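The sequence shown lines up with residues -17 to 26 when you count with the working numbering. The C-beta atom is built at its ideal place from N, Cα and C for all residues, glycine as well. Predicted model, so just to flag it, every value in this text is computed and none were measured.
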Amino acid sequence: MAGTEDKQVKTWICSVCCYQHVGTEPPKKCPQCGVESIYFDPVE
Ligand SMILES: [Zn+2]
């Protein structure tokens, strides 16, 4: 982790299956398609 203090709640979207997750961080693993958190992009 890069040590950012930014803990805003965001909507994260899986770039593989478009699963949406709301929280301060993306899930460790997509519950729908199983990819890692790096595949989640925050929605502005
Ligand atoms: Zn997914």
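Between the alpha carbons of C(-4) and K(-11) lies a distance of about 19 Å. Distance from the Cα of T6 is smallest, within the candidate group E26, E18 and K(-8), for K(-8). Relative to ligand 1, Q14 has its C-beta within less than 7 Å of a heavy atom. Counting other Cβ atoms within 10 Å of its Cβ, P13 stays below 16 and is therefore classed as exposed.
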